[in-house]
Amino acid sequence: MEFSLFSVLDLLGALAFAISGASLAIEKKFDLFGVFVLAFVTSIGGGTVRDILIGQTPVDWMSNGLLISTIAAGALLTLLFNPYVQKLRFIVYLFDAIGLGLFTMAGIQKGLSLDMNIFICISLGTISATFGGLLRDIITGEKPMLLTRKEIYAIASAIGGGSFFAFRYFELPMEINVPMTILIVFLVRHITYKMGIRLPGVDENGKWVRNNVDPKS
Amino acid sequence: MEFSLFSVLDLLGALAFAISGASLAIEKKFDLFGVFVLAFVTSIGGGTVRDILIGQTPVDWMSNGLLISTIAAGALLTLLFNPYVQKLRFIVYLFDAIGLGLFTMAGIQKGLSLDMNIFICISLGTISATFGGLLRDIITGEKPMLLTRKEIYAIASAIGGGSFFAFRYFELPMEINVPMTILIVFLVRHITYKMGIRLPGVDENGKWVRNNVDPKS
Amino acid sequence: MEFSLFSVLDLLGALAFAISGASLAIEKKFDLFGVFVLAFVTSIGGGTVRDILIGQTPVDWMSNGLLISTIAAGALLTLLFNPYVQKLRFIVYLFDAIGLGLFTMAGIQKGLSLDMNIFICISLGTISATFGGLLRDIITGEKPMLLTRKEIYAIASAIGGGSFFAFRYFELPMEINVPMTILIVFLVRHITYKMGIRLPGVDENGKWVRNNVDPKS
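Chains as they are written, first to last, in the numbering used here: chain A, 944 to 1160; chain B, 944 to 1160; chain C, 944 to 1160.
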């Protein structure tokens, strides 16, 4: 197995998602088993939904022992050192934003390998990157963070996907386009988070509602 | 691409389901992205579950640009004209009832093409027509309309499926049986709705509970 | 069709799961249709998720009329005799524990037939045995029993899976190993239930929380 920079980053993304799932499980008073399950669902849920939709089964993670060990380690670390993990929240947040970019790119590449059109490719990227969190919220009975007005998240993934195809149209080499896409997802996520920018919504009378909050220092 | 009456009705059904998803998303204070996602899930969720269960992947909608555009248009219309959409509720309701019939028929035909037995074919019809709404309710944390005592809905689909196979047994030509099935689903849905007829349930002491309400004028 | 002891036990397990789903549906005031749907989801949900993950579609139950009839009978029995079913709770509980063992074994054997590694095989066993209940809880909006601190359940399945591979390593014949695994799952489930033993969790300060309760007589 080759340990490229990407595969290391990929595992760090999976680790961040696992920690986010495990933390929520602890907050929700799940037992040991529940903590592990929620770490797994959060980390591999998006890729699993993607693979099922496109018929690429058995799904990816079944033959990826390193990924499984990484997720299990993330759950274990959170169980053992939860108060410290909470203090390192910013690092987990950073890995999560990196994971968002990496998983987006992985989904797009799966779509391309199946000759899907641009819209489907971008959707597969966003599904890969965000449906783990959606399943996490459904299982724990949370209002889904992804769909409500809390933070810019899935849109960062979609913007990265759009920019990937724009650059591709202008024949930017893949070696530049791929890391650039991941960076764009990361930056959109990070900058909107820091500046408190959120997606607007519409209230029941049809009036637009801005949801921005005070910037975080 | 051929624009038959059926394919136009099919898109109207998808549009109605998309509007129903988008309306609920607005009511639940989802953001722009959430409104689009819920419109898609409601509209294609049933067909997606069906295709996954029978192993017909990549799922249908991935290669159906017209369908995707229609759903996106439904979400956009709801976002822009929500108060008016609410006033046109009856038209949305009508399209939804038509969609219920069309999606039921589409599911049955998929089952037949795979030589499934009657029970599975009818189930696939009902799953196609109703699981989008079930997923919509699960994601938004609503008590599922489909399963509780609010309205006759899935049963209309199953009754249509049953009548399809009854007529098929008597060798009614498909050109008559197919539109008749769609009509029967529509009529069962519409008449029970108008007359306030609901499915009964059983309370915890084993007593039957009628849930009928006053007829709507 | 051959009526071995196992296939009879298998149907009894499916029946117990169906009754558990139907009972919860009645408690939640679902209508007739909802009672049947929840009985089906609880009974075949785990095997369905497993088959989708490994790409074995159309899923199993579509060609298993006896299984479908058994589940429908379970829902019907619960509807007709709910107060009595509640009095026979202990028998339902017993069948459920037997089903837990049988479904675990069925999942492991599916994994083995696809040459999956040990971890995936045990996971497939646990998914087969427990995800029906997880889906049941998600649909009804319950906090998932499986993941919270209420009872030892999924862990019993995983322990049985682990023991199966331990005995397999020592080349115990399958004719002994298979029933022994089912028995171990049953016993772990039953003994921990009787003695009120539960899995611990971690609170938000990182302190371990024992969740044991008073033994049931």
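All residues carry an ideal CB built from backbone N, CA and C; glycine is no exception.
On a predicted model such as this, the values are computed, not experimentally measured, just so you know.
Can you give the Cα-Cα distance for residue i and residue j, rounded to whole angstroms?
i	j	result
methionine 1233/B	leucine 1022/C	Residue 1233/B is absent from the structure shown; chain B starts at 944 and stops at 1160.
alanine 965/A	valine 1028/A	11 Å
valine 1002/A	glycine 1149/B	44 Å
lysine 1137/A	threonine 1073/A	20 Å
serine 1012/B	tryptophan 1004/B	11 Å
glutamate 945/A	aspartate 974/A	With a pLDDT of only 45 at glutamate 945/A, under the threshold of 50, the placement of this residue in the model should not be trusted, and no figure is reported.
phenylalanine 1033/C	lysine 1093/C	17 Å
glycine 1169/B	glutamate 970/C	With chain B covering 944 to 1160 only, the question about residue 1169/B has no answer from this structure.
leucine 1038/C	leucine 952/C	For clarity, residue 1038/C is phenylalanine in the given sequence; the question names leucine instead. Each residue's Cα considered, the two are about 8 Å apart.
valine 980/C	alanine 1018/C	9 Å
phenylalanine 1062/B	glycine 1054/B	10 Å
leucine 955/A	proline 1158/C	43 Å
glycine 1044/B	isoleucine 1127/B	8 Å
arginine 993/A	proline 1026/C	44 Å
tyrosine 1112/B	serine 963/B	36 Å
alanine 961/C	phenylalanine 1024/C	14 Å
proline 1116/B	glutamine 1052/B	14 Å
arginine 928/B	glutamate 1085/B	There is simply no residue 928/B to check, as chain B begins at 944 and stops at 1160 in what is shown.
valine 1145/C	lysine 972/A	8 Å
leucine 1031/C	isoleucine 1095/C	21 Å
leucine 1020/C	glutamate 1114/C	43 Å
I want to check one thing, is the minimum distance from the CB of residue i to the heavy atoms of the ligand ATP below 6 Å?
i	result
isoleucine 1061/A	This structure lacks the ligand ATP, and indeed carries no ligand of any kind.
Measure the Cβ-Cβ separation of residue i and residue j and say whether it is below 7 Å.
i	j	result
valine 1035/B	alanine 968/B	no
proline 1129/A	isoleucine 1041/A	Residue identity check: residue 1129/A is phenylalanine in the sequence provided, not proline. Closer than 7 Å, so yes.
leucine 1077/C	glycine 1050/C	no
glycine 988/B	serine 1071/B	no
arginine 1141/A	asparagine 1120/A	no
leucine 1057/B	isoleucine 997/B	yes
alanine 1099/B	valine 1131/B	yes
serine 986/B	alanine 1016/B	no
threonine 1069/A	glycine 1103/A	no
phenylalanine 1107/C	threonine 1124/C	yes
isoleucine 1134/C	alanine 1101/C	no
isoleucine 995/B	isoleucine 995/C	yes
glycine 1090/B	glycine 977/C	The sequence shown places leucine at residue 1090/B, not glycine. Against a cut-off of 7 Å, the Cβ pair of glycine 977/C and leucine 1090/B comes out as a contact.
In this structure, how does DSSP classify residue i when only helix, strand and coil are distinguished?
i	result
glycine 1084/C	coil
glutamate 945/C	Low local confidence applies: a pLDDT of 46 at glutamate 945/C is under 50, so the model's placement there is unreliable, with the coordinate-based value given in what follows. In this structure, glutamate 945/C counts as coil in the three-state DSSP scheme.
lysine 1030/C	helix
aspartate 1003/A	helix
asparagine 1060/C	coil
serine 950/C	helix
lysine 1053/A	helix
glycine 988/A	helix
glycine 935/B	One cannot answer for residue 935/B here, as it falls past the ends of chain B, which runs 944 to 1160.
isoleucine 995/B	helix
phenylalanine 899/B	Any property of residue 899/B remains undetermined from this structure, which presents chain B solely from 944 to 1160.
alanine 957/B	helix
isoleucine 962/C	helix
What residues from the region 1130-1141 of chain B come within 9 Å of chain C, judged by C-beta to C-beta, listed N to C?
Arg1141
Enumerated in chain order, which unbroken segments of the alpha helix (DSSP H) with a length of 4 residues or greater are wholly contained in the region 1071-1156 of chain A?
1097-1112, 1117-1138
For the region 1054-1078 of chain A, which residues have a CB atom closer than 8 Å to at least one CB atom of chain B, in sequence order?
Leu1057, Met1059, Asn1060, Phe1062, Ile1063, Leu1077
Can you list, in chain order, the residues of the region 967-992 of chain A whose Cβ is nearer than 8 Å to any Cβ on chain B?
none
Could you list the residues in the region 1024-1051 of chain C with a C-beta less than 9 Å from some C-beta on chain A, going in chain order?
none
Name the residues in the region 995-1015 of chain C whose C-beta lies less than 9 Å from a C-beta of chain A; which are they?
Ile995, Leu996, Ile997, Gly998, Gln999, Thr1000
Which residues, in order along the region 948-959 of chain C, keep a beta-carbon less than 7 Å from a beta-carbon of chain B?
none
Looking at chain B, which residues of the region 1079-1097 of chain C have a Cβ within less than 7 Å of any of its Cβ atoms?
Ile1081, Ile1082, Gly1084
Compile a chain-ordered list of the residues in the region 1113-1124 of chain C whose CB is closer than 8 Å to at least one CB of chain A.
none
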